[in-house]
Amino acid sequence: MIINSVSQLIGHTPLIDLQIDVPNHSHIYAKLEMFNPGGSIKDRLGQYMIQDAINQGNVTEGLTTIIEPTASNTGIGVALAAQQHHLPTILVIPEKFSFEKQQLMKALGAKLINTPSNQGIRGAIKKAYELQKQTPNSFVPMQFENPANPDTYYHTLAPELIEAIDGPIDAFVAGAGSGGTFAGIARYLKEQNDNTQTIVVEPEGSILNGGPAHSHQTEGIGVEFIPPFFEKVQIDQTLTIPDSDAFNQVKEIAQHQGLFIGSSSGAALAASLKVASQLPKDSTIVTVFPDSSERYMSENIYD
Ligand code: PMP
Numbered sequence: 001m002i003i004n005s006v007s008q009l010i011g012h013t014p015l016i017d018l019q020i021d022v023p024n025h026s027h028i029y030a031k032l033e034m035f036n037p038g039g040s041i042k043d044r045l046g047q048y049m050i051q052d053a054i055n056q057g058n059v060t061e062g063l064t065t066i067i068e069p070t071a072s073n074t075g076i077g078v079a080l081a082a083q084q085h086h087l088p089t090i091l092v093i094p095e096k097f098s099f100e101k102q103q104l105m106k107a108l109g110a111k112l113i114n115t116p117s118n119q120g121i122r123g124a125i126k127k128a129y130e131l132q133k134q135t136p137n138s139f140v141p142m143q144f145e146n147p148a149n150p151d152t153y154y155h156t157l158a159p160e161l162i163e164a165i166d167g168p169i170d171a172f173v174a175g176a177g178s179g180g181t182f183a184g185i186a187r188y189l190k191e192q193n194d195n196t197q198t199i200v201v202e203p204e205g206s207i208l209n210g211g212p213a214h215s216h217q218t219e220g221i222g223v224e225f226i227p228p229f230f231e232k233v234q235i236d237q238t239l240t241i242p243d244s245d246a247f248n249q250v251k252e253i254a255q256h257q258g259l260f261i262g263s264s265s266g267a268a269l270a271a272s273l274k275v276a277s278q279l280p281k282d283s284t285i286v287t288v289f290p291d292s293s294e295r296y297m298s299e300n301i302y303d
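First residue of the sequence shown: 1, per the UniProt record's numbering; consecutive thereafter.
Written out as structure tokens, the structure is:
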């Protein structure tokens, strides 16, 4: 296959039928989103959200400065899309997030502004709006509120799942950061089959199950406020996965399946195994592996 732009490599990622010991002889299928060109599920979001902003007249090619607060994979996806449309980009990131991801954003030409880790994503959101006021011709896509976020996954990843899986999907399991991935896919799958169970995954320190907010090692998922996208989607269960369970799965799957997955994927896998133990024999469980462990090596992910 000859391509003429990396944007043509976004989406249509492989779906793996994991050959692991799953309770009740069920199958766990995982969408391998690290095979997007920017290395994560958020390339889809960058491409869709920037194109949507251009279509709506909010962004002019070669002119508008894009400013986005991000936990960082979205930053890479936005920077990649912005580069394709010749848009200068400023990304606002709490400083705790992975060194590798911040390097990749710089490589794509984005300017990075760090906010204090203890202010969380809210600190980054506030700073992004301040920068917007100071920057003429600027636009903040705002993944945390933009309906284009769940729509990205509703229109791309979810139909890819239906196309790939023969027969009914009994459960869909995914982590939530902005909540866009979960909300978009869960909405689509419920429309296709009301019996599909939708299970959202968070680390300890995220508030969905009512626990207090605190820091955690699992990167990319966990919320400090309920994602607005969750108002429009049915959530059948919320599973809170301790960091240690997520990181154990990261190591297991590298050793036994040759897959390099990030910690949010590890949490999704730990949750999928729990769901398998709740469901009848021979169930089909679908989950998403958002990125690879290669962007967390500086955090000694395999130690
Ligand atoms: N995992 C990783 C590694 C991520 O970067 C993100 C995005 N923050 C997610 C999961 C969660 O995706 P979403 O924002 O769509 O909930």
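We treat Cβ as the ideally placed atom computed from N, Cα and C, and that holds for glycine.
Start and end of the alpha helix (DSSP H) containing residue i?
| i | result |
| --- | --- |
| residue 305 | Residue coverage of the chain in this structure runs from 1 to 303, which leaves residue 305 outside it and unanswerable. |
| D151 | 148 to 155 |
| L131 | 120 to 134 |
| F99 | 99 to 107 |
| V275 | 263 to 278 |
Sorry if obvious, but does the Cβ on residue i come closer than 8 Å to a heavy atom of the ligand COA?
| i | result |
| --- | --- |
| E219 | This structure lacks the ligand COA; its bound ligands are the ligand PMP. |
Is any non-hydrogen atom of the ligand PMP found closer than 8 Å to the C-beta of residue i, if you look at the structure I gave you?
| i | result |
| --- | --- |
| N149 | yes |
| K42 | yes |
| N73 | yes |
| Y153 | yes |
| S264 | yes |
| A176 | yes |
| Q143 | yes |
| D236 | no |
| P227 | yes |
| T181 | yes |
| D243 | no |
| P290 | yes |
| L45 | yes |
Roughly how many whole angstroms lie between the Cα atoms of residue i and residue j?
| i | j | result |
| --- | --- | --- |
| I20 | V233 | 30 Å |
| S117 | T70 | 12 Å |
| residue 306 | I199 | In this structure the chain extends from 1 to 303, so residue 306 is not present and cannot be described. |
| F230 | I185 | 12 Å |
| I93 | H25 | 42 Å |
| I162 | F260 | 25 Å |
| T287 | A183 | 13 Å |
| A276 | V250 | 18 Å |
| S293 | Y153 | 22 Å |
| A160 | G62 | A quick correction: the sequence has Glu, not Ala, at residue 160. Approximately 32 Å between the Cα atoms of the pair. |
| T218 | P203 | 7 Å |
| Q84 | D166 | 36 Å |
| H214 | I66 | 30 Å |
| Q143 | Q197 | 25 Å |
| I3 | I10 | 12 Å |
| V22 | T13 | 23 Å |
| Q119 | A82 | 27 Å |
| T181 | D17 | 20 Å |
| residue 305 | I235 | Nothing about residue 305 can be reported from this structure: the residues present for the chain run from 1 to 303 only. |
| R187 | L32 | 20 Å |
| K139 | A158 | For clarity, residue 139 is Phe in the given sequence; the question names Lys instead. When rounded, the distance between both Cα atoms is 28 Å. |
| G222 | A79 | 23 Å |
| residue 381 | Y302 | Outside the modelled stretch of the chain, which goes from 1 to 303, sits residue 381, for which no answer is possible. |
| L15 | M34 | 11 Å |
Give the range of the beta strand (DSSP E) segment to which residue i is assigned.
| i | result |
| --- | --- |
| K111 | 111 to 115 |
| G175 | 171 to 175 |
| L91 | 89 to 94 |
| L15 | 15 to 17 |
| F289 | 284 to 289 |
Contact between the region 242 to 251 and the region 120 to 136 (3+ Cβ pairs under 8 Å): The answer is no - the region 120 to 136 does not touch the region 242 to 251, with fewer than three Cβ pairs under 8 Å.
Complete runs of the beta strand (DSSP E) confined to the region 26 to 80 [at least 3 residues]: Within the region 26 to 80, the complete beta strand (DSSP E) runs of at least 3 residues fall at 27 to 32, 65 to 69.
Contact the region 47 to 58 vs the region 111 to 118: 3+ CB pairs below 8 Å: Contact between the region 47 to 58 and the region 111 to 118 is absent: fewer than three C-beta pairs spanning the two stretches fall below 8 Å.
Three-pair Cβ contact test at 8 Å for the region 192 to 201 versus the region 72 to 91: In short, these stretches do not touch, since the Cβ pair count stays below three.
Minimum length 3: unbroken beta strand (DSSP E) runs contained in the region 186 to 217: Restricted to the region 186 to 217, the beta strand (DSSP E) segments that are unbroken, complete and at least 3 residues in length are 197 to 203, listed in chain order.
Stretch-stretch touch, CB-based, cutoff 8 Å, three pairs: the region 169 to 179 with the region 262 to 275: Under the Cβ criterion (8 Å, minimum of three pairs), the region 169 to 179 counts as touching the region 262 to 275.
The region 37 to 46 contacting the region 141 to 153, beta-carbon criterion three pairs below 8 Å: A contact exists between the region 37 to 46 and the region 141 to 153.
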